[in-house]
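Those letters in the sequence shown? Residues 2 to 314, by full-length UniProt numbering.
Each residue gets a CB set at the ideal place from its N, CA and C atoms; glycine is no exception.
Okay, so here's the structure we're looking at.
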Amino acid sequence: SQLTSLIASRTAPFHTFEFFPPRTEAGLVNLLDRIRRLADAPLPAPLAVSVTWGAGGSTADRSLELAEQVVKMGLDVVLHLTCTNMAKEKVDQALGRCRDLGIRNVLALRGDPPRSEEYAVSADPTPDFFKHADDLVRYIRAEHGDWFCIGVAGYPTPHADSENEEDDLHWLKVKCDAGADYIITQLFYDVEGFLEWVKTCISQPIIPGIMPIQNFASFRRLVNLTKCPVPDSIMDELQPISSDDAAVKNYGAQLATKMVAQIIGSKLVPGVHFCTLNLEKSVRTILENLGWSTKADNRPSTSPSPRHNQLIE
Ligand code: FAD
Numbered sequence: 002s003q004l005t006s007l008i009a010s011r012t013a014p015f016h017t018f019e020f021f022p023p024r025t026e027a028g029l030v031n032l033l034d035r036i037r038r039l040a041d042a043p044l045p046a047p048l049a050v051s052v053t054w055g056a057g058g059s060t061a062d063r064s065l066e067l068a069e070q071v072v073k074m075g076l077d078v079v080l081h082l083t084c085t086n087m088a089k090e091k092v093d094q095a096l097g098r099c100r101d102l103g104i105r106n107v108l109a110l111r112g113d114p115p116r117s118e119e120y121a122v123s124a125d126p127t128p129d130f131f132k133h134a135d136d137l138v139r140y141i142r143a144e145h146g147d148w149f150c151i152g153v154a155g156y157p158t159p160h161a162d163s164e165n166e167e168d169d170l171h172w173l174k175v176k177c178d179a180g181a182d183y184i185i186t187q188l189f190y191d192v193e194g195f196l197e198w199v200k201t202c203i204s205q206p207i208i209p210g211i212m213p214i215q216n217f218a219s220f221r222r223l224v225n226l227t228k229c230p231v232p233d234s235i236m237d238e239l240q241p242i243s244s245d246d247a248a249v250k251n252y253g254a255q256l257a258t259k260m261v262a263q264i265i266g267s268k269l270v271p272g273v274h275f276c277t278l279n280l281e282k283s284v285r286t287i288l289e290n291l292g293w294s295t296k297a298d299n300r301p302s303t304s305p306s307p308r309h310n311q312l313i314e
């Protein structure tokens with residue numbers, strides 16, 4: 002189903018999960034087990050599972066394989082799709098495959114240039130057909146009409162390429178005018194700042210990206226990479242436990258629980274998007290802490306529907 006229809010049919014807050022495609026067959030098997038456990042009672046079912054896309058299409062086959070397996074579980078999929086350094090034909094193939102699998106949701110992204118080792122095997126030598134995410138949104142709408150519910154990325158704090166917040170907000174509006182239906186945000190840790198940003202934003206549903214802190218080194222790397230400001234209070238609490246991985250992980254889950262409770266309590270957004278980093282424990286703890294009911298969710302049947310069987314076999 003289309004994500005915006007699923008959102009409209011909900012009366013309780015929802016969550017989505019983001020996973021990236023593992024490199025090996027064994028990794029895929031493990032991840033699918035993890036997704037199954039996270040989608041199963043007593044935890045509330047995710048509204049959808051999103052699958053990331055490697056820069057320049059470097060994970061195209063693996064992303065589509067993971068997406069297919071998640072569809073087979075009876076869960077709705079959002080396929081991330083980047084467009085920079087991607088041949089138009091590769092975008093067409095990915096969208097065609099989504100349609101074959103019955104996937105109705107795409108997160109349309111510009112992406113970043115592939116890292117050099119990936120570039121050698123995956124990058125297309127022809128000039129970019131798509132320059133920015135709005136080009137991709139427009140293209141999907143032109144080629145596929147209303148088949149896809151299209152999401153785009155939003156930045157509560159400016160994107161690393163942006164001069165200022167007004168720039169980002171302007172281009173976010175351009176993406177929505179081009180046909181985007183909803184927004185998933187970049188990670189953030191300043192909840193007050195996020196809630197202020199949401200108020201100045203657009204009418205499309207906004208789903209905040211929540212990244213539970215897993216360990217201190219990866220957290221520091223990520224906030225540097227995304228230029229995401231971190232409130233002093235969080236840094237002050239993290240510094241003394243920074244070398245104790247278990248304590249940091251636990252802190253990360255408690256912090257994310259507080260953030261989600263405050264964000265959902267504001268009633269400004271309908272649900273949250275968990276960037277899982279393919280890890281199970283933190284999101285499980287957060288969902289248990291939040292005590293979200295399994296009754297209100299749209300749990301799919303555990304066996305694939307006949308339609309899914311037809312599509313996949
Ligand atoms: P754009 O919307 O094109 O914006 C990029 C920059 O250009 C911004 O500074 C913007 O203000 C500016 N801009 C936008 N449109 C225009 C225009 N028409 N003309 C001039 N300037 C413009 N990356 C991956 O590789 N794979 C993933 O699966 C992935 N998933 C993501 C999921 C989420 C929720 C988010 C927030 C990000 C994700 N990313 C992913 C990262 C993303 O690809 C990068 O943040 C990338 O640098 C920007 O992508 P975008 O779609 O926001 O680009």
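Asked, Found
"Reduced DSSP secondary structure (H/G/I, E/B, other) of residue 329", "With the chain covering 2 to 314 only, the question about residue 329 has no answer from this structure."
"Contact test: Lys176 Cβ vs the ligand FAD heavy atom, cutoff 7 Å", "yes"
"Neighbourhood of Leu67 by C-beta distance below 6 Å, restricted to the same chain and skipping five residues each side", "Pro22 and Val52"
"6 Å CB neighbourhood of Leu7 in its chain, flanking five on each side removed", "Leu48"
"Closer than 7 Å: Gln94 CB and nearest the ligand FAD heavy atom", "no"
"DSSP three-state assignment for Tyr190, whether helix, strand or coil", "coil"
"Three-state secondary structure assigned by DSSP to Val71", "helix"
"Buried versus exposed, by CB contacts within 10 Å (16 or more), Arg204", "The amino acid occupying residue 204 in the given sequence is Ser; Arg does not appear at that position. Exposed."
"Identity of the residues DSSP links to Glu19 by a beta bridge", "Ser51 and Cys276"
"Heavy atom of the ligand FAD within 7 Å of Arg139 beta-carbon", "no"
"Three-pair Cβ contact test at 8 Å for the segment 143–150 versus the segment 164–179", "no"
"Euclidean distance between Cα positions of Ala247 and Arg285", "15 Å"
"Whole-angstrom distance between Leu108 and Asp162, CA atom to CA atom", "20 Å"
"Residue nearest to Ser10 in terms of C-alpha spacing, selected from Ile185, Val199 and Gly272", "Gly272"
"Sequence-distant residues of its chain with Cβ nearer than 8 Å to Ser2 (five each side left out)", "Asp77 and Arg105"
"Whether His274 touches Ile184 by CB criterion (8 Å)", "no"
"Three-way DSSP call (helix, strand, coil) for Gln3 in this model", "coil"
"Candidates Ala134, Lys259 and Glu281, of which the one nearest Thr85 by Cα", "Ala134"
"Test item: CB-CB of Gln263 and Val192 under 8 Å", "yes"
"Beta-carbon proximity check, Pro206 vs Thr5, cutoff 8 Å", "yes"
"Gly253: first and last residue of the uninterrupted alpha helix (DSSP H) it sits in", "Asp246 to Gly266"
"Heavy atom of the ligand ADP within 7 Å of Gly210 beta-carbon", "Judged by which ligands are present, the ligand ADP is missing from the structure shown, whose ligands are the ligand FAD."
"Pairwise C-alpha distance: Ala88 and Asp237", "46 Å"
"Three-state secondary structure (DSSP) of His81", "strand"
"Residues of its chain near Leu110, where Cβ-Cβ distance is below 8 Å and the 5 sequence neighbours each way are ignored", "Trp54, His81, Leu82, Thr83, Cys84, Ala134, Leu137, Val153 and Ala154"
"Alpha-carbon spacing of Glu19 relative to Arg35, whole angstroms", "12 Å"
"Every unbroken beta strand (DSSP E) inside the segment 139–200 [3 residues or more]", "150–155 and 183–186"
"Proximity test, Gln187 beta-carbon vs the ligand FAD heavy atom, cut-off 7 Å", "yes"
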